[in-house]
Amino acid sequence: MSSLGAMGVKRVTAPEGVRATALLTAYARAQETARPDRLFDDPWARLFIAEATAFTGAGLPRIGMARDDKVSPLWAAFSSYFTLRTPFYDEHILRAVAAGARQVVLVAASMDTRPYRLALPPDTTVFELDNASVLDFKDAVLSRHHARASCRRVPIGVDLRADWSGDLLAAGFRPGEPVVWVAEGLLMYLTTGDSERLLAAVTAQSRGRAWLLTEYPERVVDEATMTSRATDEAERVSAMMMANLVRRGPDTEPAPWVARHGWTAEVTDIAAETRRHGRPVPDVFDHGAPDRVGVWLLSATR
Ligand SMILES: C[S@@+](CC[C@H](N)C(=O)[O-])C[C@H]1O[C@@H](n2cnc3c(N)ncnc32)[C@H](O)[C@@H]1O
1262 MSSLGAMGVK RVTAPEGVRA TALLTAYARA QETARPDRLF DDPWARLFIA
1312 EATAFTGAGL PRIGMARDDK VSPLWAAFSS YFTLRTPFYD EHILRAVAAG
1362 ARQVVLVAAS MDTRPYRLAL PPDTTVFELD NASVLDFKDA VLSRHHARAS
1412 CRRVPIGVDL RADWSGDLLA AGFRPGEPVV WVAEGLLMYL TTGDSERLLA
1462 AVTAQSRGRA WLLTEYPERV VDEATMTSRA TDEAERVSAM MMANLVRRGP
1512 DTEPAPWVAR HGWTAEVTDI AAETRRHGRP VPDVFDHGAP DRVGVWLLSA
1562 TR
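Be aware that the sequence shown starts at 1262, since it is given in the numbering used here, and climbs by one per residue.
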């Protein structure tokens, strides 16, 4: 839903349902940005949270499991995961751009502000795919705060379970030219069939040099794993809602999964990325935890 506000700027409602997960990742990036030893700087992340919640105070308002008081093992695990995957994607995108990619496709772009914060070359085009209402909210906030991207940015509202290739081509995407596909924090919201169709569509549009960056958990993160780390009712409800949103994603390990579509993958995981940056690994990602969830991060080429 959208309408025109007092200043003539389009006002839009905050994302809901699976779209609301966009706010959780932004929340983690806002918290990271506030740290003196931050791994990246995303000044827009806090604005998305403030505008979605009409919050005008200091710090960040609580949103379900997302909280700024360091008391929750549940949020510590989620925010660590959202934060520590970010440098992995940043570094691989910059490497692909240095190697000649001038097209970046953010598949489930959500509140990702890489066109604003990565200093991508001006001749780069970043195509952003997500639900139209999510992109409308993002665009409204960015334009209200006069954010300026270093490169060309093209938001495209789509359902990623449907055939979105035509929309991407109509927006100026060139399948024969080098491209880096970024599907960050998406596959766990798709069924195995939808993940398969997504990879087939990405592959069909990768006729030149191509890079694919994505991640997914080794197993479905079930309700018990999530709720056992909740410290109060609001967190428990939030954890149950999240558990209801997640799906299987790909049903195969990363290297063989992408190999079936002609890609060669290098694979790491979230615990290794967390250690690489000298941060503590939340118990749920650690090998000792009985209900451990490994999360693979992969960088593939073809
Ligand atoms: C957890 S968010 C994070 C994504 C973002 N790359 C990030 O790391 O901040 C997941 C996003 O996937 C989008 N999404 C999930 N399923 C989708 C679908 N079927 N079509 C379009 N967008 C979808 C949601 O709207 C949401 O913005």
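Using N, Cα and C, we set each Cβ at its ideal position, and we do this for glycine too.
Proximity below 8 Å, CB of Val1542 to CB of Glu1479: Not a contact, by the Cβ cut-off of 8 Å.
Proximity test, Asp1420 beta-carbon vs ligand 1 heavy atom, cut-off 7 Å: Yes, ligand 1 has a heavy atom inside 7 Å of this Cβ.
Heavy atom of ligand 1 within 7 Å of Asn1392 beta-carbon: Yes; taking the cut-off as 7 Å, the Cβ of Asn1392 has a heavy atom of ligand 1 nearer than that.
Assigned exposure category for Ala1409 - 16 Cβ within 10 Å defines buried: The question names Ala, yet the displayed sequence has Arg at residue 1409. With fewer than 16 other Cβ atoms within 10 Å, it is exposed.
Backbone CA spacing between Arg1328 and Asp1493 [nearest angstrom]: Here the alpha carbon of Arg1328 sits roughly 12 Å from the alpha carbon of Asp1493.
Met1502 beta carbon near ligand 1 (any heavy atom closer than 7 Å): Every heavy atom of ligand 1 is 7 Å or more from the Cβ of Met1502, so no.
As assigned by DSSP and simplified to three states, the class of Leu1506: If DSSP states are grouped into helix, strand and coil, Leu1506 belongs with the helices.
First and last residue of the uninterrupted beta strand (DSSP E) at Pro1348: It is not in any beta strand (DSSP E) - Pro1348 instead sits in the alpha helix (DSSP H) that spans Pro1334 to Ala1359.
3-residue-minimum beta strand (DSSP E) runs that sit fully inside the stretch 1475-1502, ordered along the chain: The DSSP assignment places no complete run of the beta strand (DSSP E) inside the stretch 1475-1502 (cut-off: 3 residues).
N- and C-terminal bounds of the alpha helix (DSSP H) containing Trp1305: Where Trp1305 is concerned, the enclosing alpha helix (DSSP H) stretches over Pro1304 to Thr1314.
Gly1539 (DSSP reduced to helix, strand or coil): In the structure shown, the three-state DSSP call for Gly1539 is coil.
Coil, strand or helix - Glu1438 by DSSP: Coil at Glu1438, not helix or strand.
Outcome for Thr1386 when other beta-carbon atoms lying within 10 angstroms are tallied against a minimum of 16: Thr1386 is buried by the Cβ-count criterion.
Cα-Cα separation between Thr1529 and Ala1393, rounded to whole angstroms: Distance from the CA atom of Thr1529 to the CA atom of Ala1393, rounded to whole angstroms, is 32 Å.
Local Cβ density within 10 Å of Phe1546, reported as buried at 16 or more and exposed below that: The residue is buried, with at least 16 neighbouring Cβ atoms inside 10 Å.
Straight-line gap, Ala1337 to Lys1331 (C-alpha atoms, nearest Å): About 7 Å.
As assigned by DSSP and simplified to three states, the class of Ser1394: Looking at Ser1394 - three-state DSSP - the assignment turns out to be helix.
Residue environment, Ser1341, which counts as buried when at least 16 other CB atoms sit within 10 Å: Counting the other Cβ atoms within 10 Å of the Cβ of Ser1341 gives 16 or more, which makes it buried.
Beta-carbon gap between Pro1348 and Phe1301 smaller than 8 Å: For Pro1348 and Phe1301, yes; Cβs fall inside 8 Å.
Met1262 (DSSP reduced to helix, strand or coil): Reliability of the predicted coordinates at Met1262 is poor, the pLDDT of 36 falling under 50, and the value obtained from them is presented with this limitation in mind. Coil at Met1262, not helix or strand.
DSSP three-state assignment for Phe1301, whether helix, strand or coil: In the three-state reduction of the DSSP assignment, Phe1301 falls in the coil class, being assigned neither a helical nor a strand state.
Beta-carbon spacing of Leu1447, Val1368 below 8 Å: In contact: Leu1447 and Val1368 (Cβ atoms closer than 8 Å).
Nearest residue (CA-CA) to Glu1484, options Thr1374, Asp1455, Val1507 and Gly1427: Closest by C-alpha distance to Glu1484, out of Thr1374, Asp1455, Val1507 and Gly1427, is Val1507.
Nearest residue (CA-CA) to Arg1413, options Phe1398, Gly1427 and Thr1374: With respect to the C-alpha of Arg1413, the residue from Phe1398, Gly1427 and Thr1374 having the closest C-alpha is Thr1374.
Short Cβ contact (8 Å threshold) for Ile1310 with Ala1287: Against a cut-off of 8 Å, the Cβ pair of Ala1287 and Ile1310 comes out as a contact.
Beta-carbon proximity list for Glu1438, same chain, < 8 Å, skipping 5 on both sides: Result list for Glu1438: Arg1363, Gln1364 and Gly1469, in chain order.
Asp1596 CB to nearest heavy atom of ligand 1 below 7 Å: With the chain covering only 1262 through 1563, there is no way to say anything about residue 1596.
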